[in-house]
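**Q** Quick one: the structure is below, questions incoming.
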Amino acid sequence: MLFPEGVLIDGVTGAVSPATGRYVKKLSTLRDLYETPPLVDAYLAEHGDVDAYEVVEYRPDGSDVCFGTTIMAPGRIGSEYFLTRGHYHARSDRGETYYTQSGEGLLLLHSRSGACSVLEMRAGVCAFIPPAWAHRSVNTGPGKLVFVWTCTSDAGHDYGEIATRGMRQRAVERDGRPTIVPNQNYRD
Ligand code: PA5
Ligand code: NI
C-alpha cells in the first residue's frame, strides 16, 4: 500500500527530501546538441567536464504520479545557453508541468505538426506542457535554474527523435539578451 508523504523541496538548491533517485548530465554527453559542437570541446578544455544539470526524483514504486526537480547550471557554448536534452514523452497522451522555483530560463516546445512555443521560466511560473509537445529547458540567467516537474509515472521519455532531428528553435544571447532563433540544423 502507498502511504502519504510530505516531501521537502528546496527551491534554491533543488534538493528533494526524501528522494528516490537522481542523475547528473555532464556537458560532454550533450556535445552534439549544440549548434557548434567544437565550441563544446573548447569549453571542456577550459573548464573541464562540468555538471550541466541534475535531476532529482520522487518516484514511489507503484504510484501513478511522480515529481522532482531539475537543477541547471548557468553557462553558454558560444552564444547558445546551456540546455537539457529535450524529449517527447514515450506516451503521446501524457503532459507535464514545470514549476520554476528560482533562476531564469526559457522552455522551448514544439509539436509534430510544426507548432512552436516558448514559455518564460522564472519563479512562480508554472508551465503547462501538453501531451505530444517536445520540450527542452535552457538556463538564460547568471545563476542556477531550478524547477519542479510533475508528471504521470508512465509518461516515459522518448529522446531519439530530438537527438536525431533537433529542436526547431534555439535560445541564444544576442545583444546581451536571450533571443529565439530557428535551428538551422533541424532535420524536417
Ligand atoms: O520529465 C521531464 O520533462 C524532466 O524531468 C526532464 O527529464 C529533465 O528536466 C531533464 O531533461 P531531459 O530529460 O530532456 O534531459
Ligand atoms: Ni518531460
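The working numbering puts the last residue of the sequence shown at 175; the count rises by one with no breaks.
C-beta: ideal position from N, C-alpha, C; glycine also.
1) Which residues are close to ligand 2, meaning CB closer than 7 angstroms to any heavy atom, in chain order?
2) On the three-state DSSP scale, how would you describe V27?
3) May I ask you to report which of helix, strand or coil DSSP gives G8?
4) Can you check whether the CB of W120 is closer than 7 angstroms to the CB of E83?
5) According to DSSP, which residues form a beta bridge with V37?
6) With burial defined as no fewer than 16 other Cβ atoms inside 10 Å of the residue's Cβ, what is the status of A150: buried or exposed?
7) Classify G1 as helix, strand or coil using the three-state DSSP reduction.
8) Using a threshold of 6 angstroms, is the CB atom of V42 nearer than that to any non-hydrogen atom of ligand 1?
9) What are the residues that DSSP puts in a beta bridge with S124?
10) By the 10 Å Cβ neighbour count, where 16 or more other Cβ atoms means buried, how is E(-8) classified, buried or exposed?
11) What are the residues that DSSP puts in a beta bridge with V112?
12) Give me the Cα-Cα distance between C103 and P118, rounded to the nearest whole angstrom.
13) Should R9 be counted as a contact of ligand 1 given a C-beta to heavy atom distance under 6 angstroms?
14) If you measure from the CB of R72, is any heavy atom of ligand 1 nearer than 6 angstroms?
15) With a Cβ-Cβ cutoff of 7 angstroms, do A39 and L20 count as a contact?
16) Quick one: what's got a C-beta closer than 7 angstroms to D145's C-beta in the same chain, skipping five residues either side?
17) Taking the DSSP output, what are the residues bridged to V(-6)?
18) Buried or exposed for V43, please, with buried defined as at least 16 other CB atoms from any protein chain shown within 10 angstroms of its CB.
19) Please tell me whether, using a cut-off of 6 angstroms, the distance from the CB of T151 to the nearest non-hydrogen atom of ligand 1 is below it.
20) Would you decide whether Q88 is buried or exposed? Buried here means 16 or more other CB atoms lie within 10 Å of its CB.
**A** Taking the structure as given:
1) H74, H76, E83, I116, H122, W136, C138, A142, H144
2) Numbered from 1 along the sequence shown, position 40 holds the residue referred to as residue 27. In the structure shown, V27 sits in a helix (DSSP, three-state: H, G or I).
3) Indexing the sequence shown from 1 puts residue 8 at position 21. Three-state result, G8: strand.
4) Translated into positions along the sequence shown, residue 83 becomes position 96. Translated into positions along the sequence shown, residue 120 becomes position 133. Cβ distance not < 7 angstroms, so E83 and W120 don't count as in contact.
5) As a position in the sequence shown, residue 37 is number 50, starting the count at 1. Per DSSP, none; premise fails for V37.
6) As a working note, residue 150 is residue 163 in the sequence shown. With fewer than 16 neighbouring CB atoms inside 10 Å of its own CB, A150 falls in the exposed class.
7) Residue numbering aside, residue 1 sits at position 14 when the sequence shown is read from its first letter. Coil at G1, not helix or strand.
8) Counting from 1 along the sequence shown, the entry for residue 42 is found at position 55. Checking every heavy atom of ligand 1 against the Cβ of V42, one is found closer than 6 angstroms.
9) For the purposes of this step, residue 124 is taken as residue 137 along the sequence shown, with counting starting at 1. BP columns for S124 point to L94.
10) Position 5 of the sequence shown, counting from 1, holds the residue named residue -8. Label assigned to E(-8): exposed.
11) On the sequence shown, residue 112 is found 125 positions in, with the first residue counted as 1. None; V112 has no bridge partner.
12) Here residue 103 refers to the residue found at position 116 when the sequence shown is read from its first residue. Here residue 118 refers to the residue found at position 131 when the sequence shown is read from its first residue. Cα-Cα distance, rounded: 14 angstroms.
13) Indexing the sequence shown from 1 puts residue 9 at position 22. No, since every heavy atom of ligand 1 falls outside the 6 angstroms radius drawn around the Cβ of R9.
14) Reading the sequence shown from its first residue, position 85 is the one you call residue 72. True, at least one ligand heavy atom lies under 6 angstroms from that Cβ.
15) Position 52 of the sequence shown, counted from the start, is the residue given in the question as residue 39. Position 33 of the sequence shown, counted from the start, is the residue given in the question as residue 20. Not a contact, by the Cβ cut-off of 7 angstroms.
16) Numbered from its first residue, the sequence shown carries residue 145 at position 158. Once the five neighbours on either side are set aside, the close Cβ partners of D145 are H74, Y75, H76, A77.
17) Position 7 of the sequence shown holds residue -6. Under DSSP, V(-6) forms no beta bridge with any residue.
18) In the sequence shown, the residue the question calls residue 43 occupies position 56. It is buried - the Cβ of V43 has at least 16 other Cβ atoms within 10 Å.
19) If you number the sequence shown from 1, residue 151 lands on position 164. No, the beta carbon of T151 sits no closer than 6 angstroms to any heavy atom of ligand 1.
20) Numbered from 1 along the sequence shown, position 101 holds the residue referred to as residue 88. By the neighbour-count rule (16 or more Cβ atoms within 10 Å), Q88 is buried.
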